[in-house]
Amino acid sequence: MIRLSAFADEISPDLDEQIAVLSSENIHFMELRGAWNTNVLDFSDQQLKSIKEKLDAHGIGVSSIGSPIGKVAIDSPFDEHLRRLERAIEVAHVMQTPFIRMFSFYPPKGSDAANPPAYRDEVLKRLHEMIARARAADVVLLHENEKDIYGDTIARCVDLFQNCGDKAFRSILDPANYIQCGQTPYPNAYEATRPWLDYVHVKDADAEGKVTPAGDGAARWSELLQRLRADGYDGFLSLEPHLANASQYKGFSGPDLFRRASQALQKMLQAMDWQYA
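For reference, each letter of the sequence shown is one residue, going 1 to 277 in full-length UniProt numbering.
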């Protein structure tokens with residue numbers, strides 16, 4: 001059975017309001033990215049303990065750590081970034097999730113972003129080290145196909161998975177991000193990355209790249225959901241609506257727009273009689 005999750009900081013910076021809206025929408029997991037305007041990797045140990053206790057009390061699990069790992073220039077100091085990865089691993093263990101969302105690096109600072117082959121080798125070198133650490137810690141790095149990082153197109157995502165083949169490195173399918181990169185999420189991206197698919201982000205975008213609720217854009221969400229079910233997908237569908245604001249490091253929707261996005265997804269699932277938790 002599939003499970004619904006969400007980037008709850010898209011609802012509100014306040015954790016209590018995040019929990020209240022998730023509960024009202026019958027969503028029992030969150031992709032923990034932030035609260036109180038603090039990034040998940042910057043929570044203190046005491047804050048993490050408090051968050052875990054509060055989520056447990058309300059029956060909400062953590063589907064993934066929505067980290068910003070890999071969302072830096074490829075020539076940024078790597079030792080410093082590895083320390084951030086180690087913190088992400090610690091957070092994942094505290095929150096009892098095997099998954100950490102991550103990215104595959106921006107081009108070097110001040111360089112031509114249109115020349116990914118120039119920094120491909122360094123991307124792979126860094127990813128291999130990160131994956132080894134994730135494997136040793138028994139967690140899985142989930143790669144998101146974010147615009148302007150190395151792995152933003154279908155071909156470069158496949159390049160990463162083929163060259164980093166490892167159970168600790170798996171794929172997130174984010175249809176809206178592919179649209180914003182001029183790619184076709186379904187069937188093209190789905191078919192190409194399906195061997196590595198472990199997680200799905202739920203947002204849509206129109207042909208011009210403007211983010212919309214799932215089903216209102218060009219991602220062919222209804223067909224994608226039908227195909228996911230036919231192929232036996234039993235992972236998370238994680239809402240990341242971005243309906244009010246979409247910045248480089250986070251998006252925001254607010255409670256009302258978040259509910260609109262949630263209900264758009266749930267109506268499609270109900271129409272096809274696909275049970276979810």
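Glycine included, C-beta positions come from ideal geometry on N, C-alpha and C. Remember, it's a predicted structure, so these values are computed and weren't measured experimentally.
Annotation: the segment 128-209 contains the following complete segments of the beta strand (DSSP E) (minimum length 3 residues), in chain order: 140-143, 169-173, 197-202.
Around LYS147, the same chain offers ASN177, GLN180, CYS181 as residues with beta carbons nearer than 8 Å, after the five sequence neighbours per side are excluded. Taking GLU25 as reference, the option from VAL202, TRP274, GLN263 with the minimal CA-CA separation is GLN263. Between VAL62 and MET30, the C-beta gap is smaller than 8 Å, which places the two residues in contact. Residue environment analysis places LYS203 among the buried positions, since at least 16 neighbouring C-beta atoms fall within 10 angstroms of its C-beta.
With fewer than 16 other Cβ atoms inside 10 Å of its own Cβ, ASP14 counts as exposed. Per DSSP, VAL40 lies in no alpha helix (DSSP H) and is assigned neither H nor E. ARG126 sits in a helix when the DSSP states are folded into three classes. Taking the Cα positions, LEU225 is about 16 Å away from THR193. Counting only unbroken stretches of 4 or more residues, the alpha helix (DSSP H) elements lying wholly within the segment 220-260 are 221-230, in sequence order.
Put simply, the segment 60-77 does not touch the segment 43-50. Fewer than three CB pairs are less than 8 Å apart. Judged by DSSP in its simplified three-state form, SER64 adopts strand. In the displayed model, MET102 falls within a strand according to three-state DSSP. In the three-state reduction of the DSSP assignment, MET268 falls in the helix class, which pools H, G and I. For ASN37, the closest alpha carbon among the candidates ALA118, ILE27, ILE11, ILE60 is that of ILE11. Judged by DSSP in its simplified three-state form, MET30 adopts strand. Its chain contains ILE179, ASP204, ALA205, ASP206, ALA207 as the residues whose beta carbon lies nearer than 8 Å to that of ALA218, once the 5 sequence neighbours on both sides are disregarded; these appear in chain order.
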